[in-house]
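Counting the sequence shown from 1 gives a position; this note's numbering is that position plus 2. Written below as structure tokens is the structure these notes are about.
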Amino acid sequence: MHLDLLEVLRASGASIEREISIPAGLLKDEWELTEPVTGRLRVTNARQNVVVRGKAKTAIVLQCSRCLSDFSYPVDLNLDVVVPLSTFNAQLGALRVSDDGDDGMELSSEDIELLFQEHILDVDELVRQAIVLEIPIQPLCRPDCPGLPEAQSYVEREADPRLKALQNLVKPN
Ligand SMILES: [Zn+2]
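Shown next as structure tokens:
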């Protein structure tokens, strides 16, 4: 999903709002989504900065760090990126993340570069970067996951009939 920001970039104070809708499936060949990404996004030209704000949710397939099985992990995404307006006139190498100290997503300049192709915002990439921030270091399929199943308990097999005769020999009558 891509969002053309040209109209917003042209006029100070302008903003656009869009529904986010990315079908379930693979996101950037990285994660398998078990639910579509849905949410809302607002992009505002705030004089010095372009402010991207929104919320979205989806669910992704993670591997449990204890039992190693795949499970669906729901994520609520806070989309929050502030980019200096000058970015869009400057060379890509001059991209900088705004350091106004708010609690937005902490993105490197490389992350920001990935988000924009000139005046086009790559919403998939924005969502991908937001998911990175939400992935637990040690995902668990459930809080009390017992871990890998115990080695199959040893099942005593019935004695080989050929041994029966020997057993009878040692058995006291
Ligand atoms: Zn587990």
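Glycine included, each C-beta is placed from N, C-alpha and C at the ideal position.
Length of the line joining the Cα atoms of residue i and residue j
i, j, result
"residue 82", "residue 42", "12 Å"
"residue 143", "residue 45", "35 Å"
"residue 25", "residue 72", "20 Å"
"residue 32", "residue 53", "26 Å"
"residue 38", "residue 137", "17 Å"
"residue 76", "residue 128", "17 Å"
"residue 4", "residue 66", "32 Å"
"residue 114", "residue 130", "12 Å"
"residue 86", "residue 132", "19 Å"
"residue 145", "residue 56", "29 Å"
"residue 122", "residue 7", "6 Å"
Residue i: CB within 7 Å of a non-hydrogen atom of ligand 1
i, result
"residue 68", "yes"
"residue 142", "yes"
"residue 71", "yes"
Continuous beta strand (DSSP E) stretch holding residue i: start and end
i, result
"residue 68", "Unbroken run through residue 68: none, as it is neither H nor E."
"residue 122", "122–124"
Buried or exposed by the 16-neighbour rule on C-beta atoms within 10 Å, applied to residue i
i, result
"residue 48", "exposed"
"residue 101", "At residue 101, the pLDDT of 47 sits below 50, so the modelled position is not reliable; the number obtained from the coordinates is stated separately. Under this definition residue 101 is an exposed residue."
"residue 21", "exposed"
DSSP beta-bridge partners of residue i
i, result
"residue 30", "DSSP output for residue 30 lists no bridge partner at all."
"residue 62", "35, 75"
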